[in-house]
Amino acid sequence: MTAVFPQLPIAIVFYFVALLLHVLTVRRLTAFSFVIVGVLLLDFLHVGYEFFLKSYFHDPALSTLVYYGWYLGFALSDFAFVALIAGICKNAHLKLDIASKVILSLYVLLGVIQLFSLVERLIVSSKVAFYFYTQSIPILNFVIAFTLFGFIVTTLLSSLRQQKTV
Amino acid sequence: MKKFAKIAVVSVIGLLSGSISAQPVTSQGTTAFVDEACSLAPLICTITTLGNGSGDTPPLPDPKKPKDKEK
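From first to last, the protein sequence lines stand for chains V and W. For what it's worth, our numbering labels the leading residue of the first sequence as 3, then goes sequentially. For what it's worth, our numbering labels the leading residue of the second sequence as 97, then goes sequentially.
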């Protein structure tokens with residue numbers, strides 16, 4: 003866990019660069035702008051929450067609280083993030099683009115995986131499910147980041163192409 | 097605008113390649129496929145695998161309370 007905190011500043015720099023590139027390319031506020039800021043804040047919150055809970059991993063008196071707090075905390079924050087972005091976009095009459103839809107769907111999937119693992123470990127606790135959980139979370143995080151940065155590069159390139167034709 | 101975009105793209109690529117050499121391989125709470133991928137491209141893992149507990153799992157709740165154990 004101690005290795006996660008040194009990673010955070012680099013990740014934040016990348017997300018800020020991504021946000022800056024997007025804002026300067028589209029020059030207006032879109033649903034995707036809110037998604038970038040939301041992902042940045044959610045990652046920040048998750049790392050802090052992970053660090054906090056891991057400090058109680060070896061405390062048997064709090065094992066139940068830590069167990070439920072881990073899965074429910076991540077799942078509920080994922081669902082809350084999706085609901086918040088969807089609510090903001092609805093109120094601001096902003097249309098969700100394809101990248102935003104993909105990212106929000108992946109966060110819903112992450113939340114479902116958290117809830118599934120919470121129940122599965124209590125009832126079955128199989129090795130297959132353990133492997134699925136430990137692999138799927140980082141892979142989905144990667145897909146989210148890849149979609150986010152990929153969409154920014156795509157909009158940047160199409161904007162450059164448009165400028166060339168003008 | 098075009099000039100700015102070029103500078104921004106070059107800066108991002110520079111930052112990426114610079115960080116790859118500077119970033120040590122960090123330990124994650126994951127095994128197998130993800131671990132191998134992270135050892136091959138540490139920077140990608142650095143900026144993408146932070147959320148949702150990074151795939152780590154908490155210990156299962158202890159069915160016996162600590163007070164019961166003492167007895």
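C-beta: ideal position from N, C-alpha, C; glycine also. What you are looking at is a predicted structure, and each value in this text was computed from that prediction instead of being measured.
- Item | Candidates Leu-44(V), Ser-65(V) and Phe-53(V): closest to Ser-79(V) by CA position | Leu-44(V)
- Query: Taking Cβ positions, are Gly-149(W) and Glu-52(V) nearer each other than 8 Å?
  - Reply: yes
- State the DSSP-derived secondary structure class of Leu-42(V), mapped to helix, strand or coil. helix
- Query: The alpha helix (DSSP H) with Lys-129(V) in it runs from where to where?
  - Reply: 129-167
- Do you know offhand how far Arg-163(V)'s Cα is from Asp-131(W)'s? 39 Å
- Query: Under 8 Å, do Ala-131(V) and Ile-143(W) count as touching if we go by C-beta distance?
  - Reply: no
- Which chain W residues sit within Cβ distance under 7 Å of Phe-34(V)? Simply none; closest approach about 17 Å.
- Task: Would you verify that the beta carbon of Leu-156(W) is, or is not, closer than 8 Å to some beta carbon of chain V?
- Result: yes
- Task: Output the distance between the C-alpha atoms of Leu-159(V) and Ala-101(V), rounded to the nearest integer angstrom.
- Result: 16 Å
- Message: Output needed for Leu-55(V): all residues of its chain with C-beta closer than 8 Å, excluding positions within five of it in sequence on either side, in chain order.
- Response: Val-68, Gly-71, Trp-72 and Gly-75
- Task: Starting from Lys-92(V), trace the alpha helix (DSSP H) both ways and give me its first and last residue.
- Result: 65-93
- Item | Presumed contact (8 Å Cβ cut-off) between Gln-116(V) and Phe-129(W), rounded CB distance | With a Cβ gap of about 20 Å, Gln-116(V) and Phe-129(W) do not count as contacting.
- Establish whether the CB of Ser-135(W) and some CB of chain V are separated by less than 8 Å. no
- Between Ile-139(V) and Gly-151(W), what straight-line distance do the alpha-carbon atoms span, to the nearest angstrom? 5 Å
- Contact check, Phe-83(V) vs Ile-140(W) under 8 Å by CB: the rounded distance? In fact, because the Cβ distance is near 23 Å, the residues do not count as touching under 8 Å.
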